[in-house]
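Participant: Below you will find the structure I want to go over with you.
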Amino acid sequence: MRSSRIPVLKLVLGLGMFVTFLGSAVAGEGPAPVWPTQGWQTSTPEEQGVDPAALAALLELGSRNDFDSVLIVRHGKIVLDAYYAPYTADLPHVVNSVTKAVIGTLTSMALQDGLLNGTDQRMLAFFGERSAANLDDNKKAITLQSLLDMTSGLARDGRAGVNGSLESTAGMERSRDWIQYILDRPMAASPGDGFNYDSGNAHLLSAILTKVTGMSAEDYAKAKLFGPLGITAWKWRRDPQGISTGGYGLALHPRDMAKFGYLYLHNGVWEGKTLVSPVWIDRVSHATVDMKLSFAPEFRYSNFFWTRPNGNVYWASGLHCQLVMVYPALDLVAVTTGRDNCPVTDIVDAIPKAVRSEIAIEPDPAGTARLASVVRAISTEAEVDVKETPSIASAVSGKTYTFPPNPLAVKSLSLTFVGSHPHYDFEIYSRDPTRGAEKISGPLGLDGLYRRGTPTAFGIIAVKGRWLDEHAFEIERRTLGEDGRTRTWMLSFDGDKVSLRGKNYEGVDVAIDGQSGG
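Everything in the sequence shown is counted per numbering that gives the first Met the number 0, starting at 0 for the first residue and increasing by one.
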């Protein structure tokens with residue numbers, strides 16, 4: 000088997016060396032790259048030819064779209080690193096489908112290591128120990144490249160389009176064996192015939208990486224990608240069989256997301272060593288698969304990256320505005336994290352507009368002052384009106400209210416208002432029927448500011464609350480570093496009873512009633 004790989008590898012590596020040579024010739028025209036392995040250098044925007052006032056406008060755009068952070072690297076130095084309260088730089092952030100781009104990158108590394116013959120290998124060849132339902136010639140023809148390009152032809156449970164993938168993912172999550180669930184799906188089209196976005200494609204590749212490397216995708220990333228880039232902290236989910244989730248589930252710090260983009264900006268080279276073949280990156284930056292997006296018909300896709308022809312930009316994209324954007328001609332990488340859908344096209348367009356020159360521009364005191372003001376504003380929690388604590392607070396303080404099974408998954412709730420350390424105690428029904436309820440406790444901010452709890456299986460939860468009138472209390476919860484909007488519960492107390500209103504995981508308004516023991 001190994002001898003059959005050698006000609007393919009020689010061709011790929013030979014092309015890679017040729018492209019690297021060309022890249023080095025171009026790079027030689029400018030200063031040597033700054034490598035952030037041990038940490039990023041910083042600079043004023045003007046020193047790197049960037050307009051600080053335009054960066055302030057970008058942050059304001061983020062405020063309107065529930066961003067958690069914005070980071071921009073120009074000429075190897077951070078010129079903007081801003082965080083929206085209560086999220087802070089010390090917390091990893093879910094990257095959602097940026098995970099796919101990491102899986103794709105690991106696939107390129109497995110090719111470079113000789114562990115895969117090529118992207119034209121048939122997918123089912125790696126799952127010989129399994130039997131796939133709905134087996135036909137189309138399913139037999141699925142290749143690694145069709146998985147990477149979202150053109151496998153596998154049907155899914157969800158509706159068409161990128162957003163429909165969420166419905167299909169929910170079905171996969173409910174299954175006991177994710178890989179079998181994906182393999183058993185019928186075919187909707189022949190491989191290569193059309194774009195059909197689905198996380199199952201990336202999860203199959205994660206399983207394949209586990210087979211050919213003898214380790215999880217996470218451990219392979221630690222050795223081949225995270226380690227060389229100086230990434231030391233992350234979180235990565237696994238499926239019931241222990242396979243690193245391929246389509247989502249990775250959490251990184253924004254500065255480490257920028258390192259990933261910086262590797263691509265430098266054509267796969269890091270500190271003089273080629274980690275990713277430039278041929279692979281060329282396919283990313285010149286993607287041709289039509290995504291058929293009504294809101295952006297010009298977008299193309301390949302190797303789990305998005306691009307826009309002639310836009311001189313490509314990016315790894317995750318739900319709710321987790322973006323790693325690479326602008327080769329501008330020598331720039333930009334990262335955003337967020338909690339809700341955002342206008343991707345507006346963001347991709349806004350960033351290059353901040354670039355004024357290849358070299359330093361004159362200092363802009365007014366623009367710098369505006370940028371500093373916006374950074375202070377977004378990093379500080381906004382003040383809210385806090386009403387006087389009503390007399391009912393002491394009566395309900397410490398009481399435990401229990402709820403029957405319900406769409407909000409709340410089993411019990413207790414709020415302690417009396418004393419110097421207000422806090423909450425919740426029990427949440429697990430979505431896994433084999434597990435019991437999860438207990439969550441933490442401090443409760445009553446002064447209009449969030450209080451962080453200790454890390455839990457759900458992440459770091461920040462909670463604040465306020466009285467609206469004599470009987471109504473509002474709770475706002477955020478899981479810091481997770482996407483999704485702030486969860487708000489409205490509680491109405493009446494003796495030993497409480498009514499709780501909020502939105503379930505699908506965003507539907509739900510009202511439930513609880514009872515205390517007296």
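For glycine and all other residues, C-beta sits at the position ideal for the given N, C-alpha and C.
(1) Tell me whether I518 is buried or exposed, calling it buried when 16 or more other Cβ atoms sit within 10 Å of its Cβ.
(2) Quick check: what's the CA-CA separation for P342 versus A295?
(3) Rounded to whole angstroms, what's the CA-CA distance from G152 to F492? Just pull it up for me.
(4) Can you pull the DSSP bridge partners for Q40?
(5) In chain order, what are the residue ranges of uninterrupted beta strand (DSSP E) at least 3 long that sit wholly in the region 208-278?
(6) Are the region 232-250 and the region 181-192 in contact at 8 Å, needing three or more beta carbon pairs?
(7) Classify V417 as buried or exposed, calling it buried when 16 or more other Cβ atoms lie within 10 Å of its own Cβ.
(8) Fully enclosed by the region 363-448, which alpha helix (DSSP H) runs are 4 residues long or longer?
(9) Beta strand (DSSP E) containing W488: first to last residue?
(10) In this structure, what does DSSP give as the bridge partners for G48?
(11) When the Cα atoms are used, what is the spatial distance from D384 to V325?
(12) Can E469 and P404 be called in contact, C-beta distance under 9 Å?
(13) When you compare only the Cα positions, how much space is there between L208 and A216?
(14) From S413 to L318, what distance separates their C-alpha atoms?
(15) Could you please give me the residues that DSSP links to V520 through a beta bridge?
(16) Taking 9 Å as the cut-off, decide whether the C-beta atoms of Y313 and V283 are in contact.
(17) Quick check on A132: does DSSP put it in helix, strand or coil?
(18) Please list, in chain order, all residues of the same chain as L70 whose beta carbon is under 6 Å from its beta carbon, the five residues on each side excluded.
(19) What distance in whole Å lies between the Cβ atoms of N133 and M214, which are believed to be in contact at a cut-off of 8 Å?
(20) Considering only C-alpha positions, which residue in the set A353, T399, V373 and T401 is nearest to D50?
(21) On the DSSP bridge assignment, give the partners of A510 in chain order.
(22) Return the CA-CA distance between S316 and F304, expressed in angstroms with no decimal places.
(23) Which of the three DSSP states is assigned to S515 in this structure?
(24) In three-state terms, what does DSSP make of T142?
(25) Residues in its own chain within less than 6 Å of T118 by CB, not counting five upstream and five downstream?
(26) Taking the DSSP output, what are the residues bridged to R451?
(27) Spatial neighbours of E505 within its chain, please: CB distance less than 7 Å, with the 5 preceding and 5 following residues excluded, ordered by chain position.
(28) For H285, which three-state DSSP category applies?
(29) My assumption, with CB atoms under 8 Å, is that Y82 sits in contact with D65. Please give the rounded CB distance.
(30) Indicate whether L60 and A349 have their beta-carbon atoms separated by less than 9 Å.
(31) Can you give me the Cβ contacts of S356 inside the same chain, cut-off strictly under 8 Å, excluding the 5 residues immediately before and after it?
(32) Comparing alpha-carbon positions, which option in I77, A52 and G480 lies nearest Y261?
(33) If we call anything under 9 Å between Cβ atoms a contact, is E270 one with P327?
(34) Which same chain residues, not among the five before or five after L331, have their C-beta less than 6 Å away from its C-beta?
(35) According to DSSP, I350 sits in a beta bridge with which residue or residues?
Facilitator: Taking the definition as stated:
(1) This structure cannot speak to residue 518, because the chain is shown only from 0 to 517.
(2) Here residue 342 refers to the residue found at position 343 when the sequence shown is read from its first residue. Here residue 295 refers to the residue found at position 296 when the sequence shown is read from its first residue. Going from the Cα of P342 to the Cα of A295 covers about 10 Å.
(3) For the purposes of this step, residue 152 is identified with residue 153 of the sequence shown, where counting begins at 1. For the purposes of this step, residue 492 is identified with residue 493 of the sequence shown, where counting begins at 1. Their Cα atoms are separated by approximately 53 Å.
(4) Taking the first residue of the sequence shown as 1, we reach residue 40 at position 41. DSSP output for Q40 lists K76 as bridge partner(s).
(5) Counting only runs that start and end inside the region 208-278, the beta strand (DSSP E) elements of at least 3 residues fall at 249-251.
(6) No, they do not touch.
(7) Within the sequence shown, numbered from 1, the residue matching residue 417 stands at position 418. V417 should be labelled exposed.
(8) DSSP runs (the alpha helix (DSSP H)) wholly in the region 363-448: 364-377 and 391-395.
(9) Position 489 of the sequence shown, counted from the first residue, corresponds to residue 488. Annotation for W488: the continuous beta strand (DSSP E) segment containing it runs R486 to D493.
(10) Working through the sequence shown from its first residue, we reach residue 48 at position 49. G48 is not bridged to any residue.
(11) Position 385 of the sequence shown, counting from 1, holds the residue named residue 384. Position 326 of the sequence shown, counting from 1, holds the residue named residue 325. Our two residues, D384 and V325, have alpha carbons roughly 42 Å apart in a direct line.
(12) The residue you call residue 469 lines up with position 470 of the sequence shown. The residue you call residue 404 lines up with position 405 of the sequence shown. In this structure, P404 does not lie closer than 9 Å to E469 by Cβ.
(13) In the sequence shown, residue 208 corresponds to position 209, counting from 1. In the sequence shown, residue 216 corresponds to position 217, counting from 1. Here the alpha carbon of L208 sits roughly 6 Å from the alpha carbon of A216.
(14) Mapped onto the sequence shown, residue 413 falls at position 414. Mapped onto the sequence shown, residue 318 falls at position 319. So the alpha carbons of these two residues sit roughly 33 Å apart.
(15) The first residue shown for the chain is 0 and the last is 517, placing residue 520 beyond what the model contains.
(16) Translated into the one-based positions of the sequence shown, residue 313 becomes position 314. Translated into the one-based positions of the sequence shown, residue 283 becomes position 284. Yes, the Cβ-Cβ distance between Y313 and V283 is below 9 Å.
(17) Sequence index remark: in the sequence shown, residue 132 carries index 133 (1-based). Here A132 carries a coil assignment [DSSP, helix/strand/coil].
(18) What you label residue 70 is simply residue 71 of the sequence shown in a count that begins at 1. Taking L70 as the centre and dropping the five residues before and after it, the same chain places the C-beta of D80, P253, A257 and V334 closer than 6 Å to its C-beta, in chain order.
(19) Position 215 of the sequence shown, counted from the first residue, corresponds to residue 214. Position 134 of the sequence shown, counted from the first residue, corresponds to residue 133. No, M214 and N133 are not in contact; Cβ-Cβ is about 31 Å, not under 8 Å.
(20) Position 51 of the sequence shown, counting from 1, holds the residue named residue 50. When C-alpha distances from D50 are compared across A353, T399, V373 and T401, the shortest belongs to A353.
(21) Counted from its first residue, the sequence shown places residue 510 at position 511. Answer is R500, bridged to A510.
(22) Residue numbering aside, residue 316 sits at position 317 when the sequence shown is read from its first letter. Residue numbering aside, residue 304 sits at position 305 when the sequence shown is read from its first letter. Answer to the nearest angstrom: the Cα atoms are 7 Å apart.
(23) For the purposes of this step, residue 515 is taken as residue 516 along the sequence shown, with counting starting at 1. Looking at S515 - three-state DSSP - the assignment turns out to be strand.
(24) Indexing the sequence shown from 1 puts residue 142 at position 143. Looking at T142 - three-state DSSP - the assignment turns out to be strand.
(25) Here residue 118 refers to the residue found at position 119 of the sequence shown. Once the five neighbours on either side are set aside, the close Cβ partners of T118 are L143 and Q144.
(26) Counted from its first residue, the sequence shown places residue 451 at position 452. In the DSSP output, where bridge partners are listed per residue, R451 has A461.
(27) By 1-based counting over the sequence shown, the position of residue 505 is 506. If you ignore the 5 residues before and after E505, its C-beta comes within less than 7 Å of no other C-beta in its own chain.
(28) Position 286 of the sequence shown, counting from 1, holds the residue named residue 285. Collapsing the DSSP output to three states places H285 in coil.
(29) Position 83 of the sequence shown, counted from the start, is the residue given in the question as residue 82. Position 66 of the sequence shown, counted from the start, is the residue given in the question as residue 65. Contact between Y82 and D65 is absent: CB atoms are separated by about 13 Å, not below the 8 Å threshold.
(30) Locating residue 60 in the sequence shown gives position 61, counting from the first residue. Locating residue 349 in the sequence shown gives position 350, counting from the first residue. With a cutoff of 9 Å on beta-carbon distance, L60 and A349 are scored as near each other.
(31) Within the sequence shown, residue 356 is the residue found at index 357, counting from 1. Sequence-distant partners of S356 (beyond 5 residues in either direction) whose C-beta falls short of 8 Å from its own C-beta, in its chain, are G48.
(32) In the sequence shown, residue 261 corresponds to position 262, counting from 1. Taking only the C-alpha atoms, the option nearest Y261 is I77.
(33) Counted from its first residue, the sequence shown places residue 270 at position 271. Counted from its first residue, the sequence shown places residue 327 at position 328. In this structure, P327 does not lie closer than 9 Å to E270 by Cβ.
(34) As a working mapping, residue 331 is identified with position 332 in the sequence shown. In its chain, beyond the 5 residues on either side, R73 have a beta carbon closer than 6 Å to the beta carbon of L331.
(35) Taking the first residue of the sequence shown as 1, we reach residue 350 at position 351. I350 is not bridged by DSSP to any residue.
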